[in-house]
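Chemist: Whatever position you read off the sequence shown (first residue = 1), add 1 for the working numbering. Ideal Cβ placement from N, Cα and C applies to all residues, glycine included. Just so we're clear, the structure is a prediction, and the values are computed from it rather than from any experiment.
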Amino acid sequence: MNGSISVGTALARAFLFPGDLACTAMGLDSDDKRELVRMLVNSLVWIVLGMLAVVVLT
């Protein structure tokens, strides 16, 4: 792809950023534990932000 980043890749990185940041802060390497922690952190972050958006907008 000649070094260009697609829109889908950019969106995916934005949505996965909280989990990646948490895993890096905990010092987890690239293994199954990192993937599970990243999934847990991402789901918690986006659920809380979604709930806050609903509360604020209603």
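Whole angstroms are fine: how far does the CA of ASP33 sit from the CA of LEU53?
Modeler: If I take the Cα positions, the gap works out to 30 Å.
Chemist: Please report the distance separating the alpha-carbon of LEU37 from that of SER5.
Modeler: Looking at the two C-alpha atoms, the distance is approximately 29 Å.
Chemist: Compute the Euclidean distance between the alpha carbons of LEU50 and VAL57, then round it to the nearest angstrom.
Modeler: Roughly 10 Å between the two C-alpha positions.
Chemist: Apart from the five residues just before and just after VAL42, which ones in its own chain have a Cβ nearer than 6 Å to its Cβ?
Modeler: Contacts found: PRO19, GLY20 and ALA23.
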